Amino acid sequence: MSSLIFYIDQDQVFVATNTLAVKPDGTPTMFRSKAIYLPHLRTIIAETGVGMFSGDWRMQVNNRMVLAGIENLDFHTPFALRQRWTEYQSGFDQSSGVTTTIYHFGFSEDTGVMREQTRGLKQDKEASLAICNELFGHRSWGRTGWQVSVSVPKV
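For the sequence shown, UniProt numbering assigns the number 1 to the initial residue and increments by one for each residue that follows.
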């Protein structure tokens, strides 16, 4: 089980995640980062769910995509994420009900305003697309057990 808490407004985003990775049955296995800042895109990629898939997605965005920023990433994400999810599902025997949610937080290269985009993926290999442009989240959270992953101020 993963936890992700964030606060976003037009000038900034604060992201906090837990760092515990568990097996599908809930057994703890290791610690890992669940949110990474990509400074060249002024974007944070965070996730809940299947960690290996999410880590591979971050690597694809960072190493295999030529992008100008979050708006450009948003254009390419639906196809690329569906393709990666299909490949992942065919390569690993996943129990039913496995889900992953990918979050992109970043300053728009078009407007300069902070954006948040969410993609939910399900076991059935179909990526449902939900783009959230509204401001929402939590303003405060406890420190114990949390990794304050990134805080990106508007520059």
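Glycine is no exception: its CB is placed at the ideal position from the N, C-alpha and C atoms.
Bear in mind that the values here come from a model prediction, so they are computed numbers and not experimental data.
- In the three-state reduction of the DSSP assignment, Thr19 falls in the coil class.
- DSSP places Leu4 inside the beta strand (DSSP E), whose first and last residues are 4 to 9.
- The beta-carbon separation of Gly112 and Gly69, rounded to 10 Å, does not stay under the 8 Å limit for a contact.
- The Cβ-Cβ distance between Gly49 and Thr17 does not fall below 9 Å.
- Secondary structure at Leu41: coil, using DSSP grouped into helix, strand and coil.
- For Pro28, there is no enclosing alpha helix (DSSP H); the enclosing beta strand (DSSP E) has its first and last residue at 28 to 31.
- If you ignore the 5 residues before and after Leu4, its C-beta comes within less than 6 Å of the C-beta of Thr17, Ala46, Thr48, all in its own chain and listed in chain order.
- For the beta strand (DSSP E) assignment, the uninterrupted runs of no fewer than 3 residues enclosed by the segment 68 to 120 are, from N- to C-terminal side, 99 to 107.
- Remark: C-beta atoms of Ile36 and Glu116 do not approach each other more closely than 9 Å.
- Val61: member of the alpha helix (DSSP H) spanning 51 to 64, first to last residue.
- Annotation: Thr27 to Leu67 spans about 37 Å, alpha carbon to alpha carbon.
- Ranking Met114, Arg119, Leu121, Gly120 by CA distance to the CA of Phe14 puts Met114 first.
- Apart from the 5 residues on each side of it in sequence, Phe53 sits with its Cβ closer than 6 Å to the Cβ of Tyr88, Thr100 in its chain, given in chain order.
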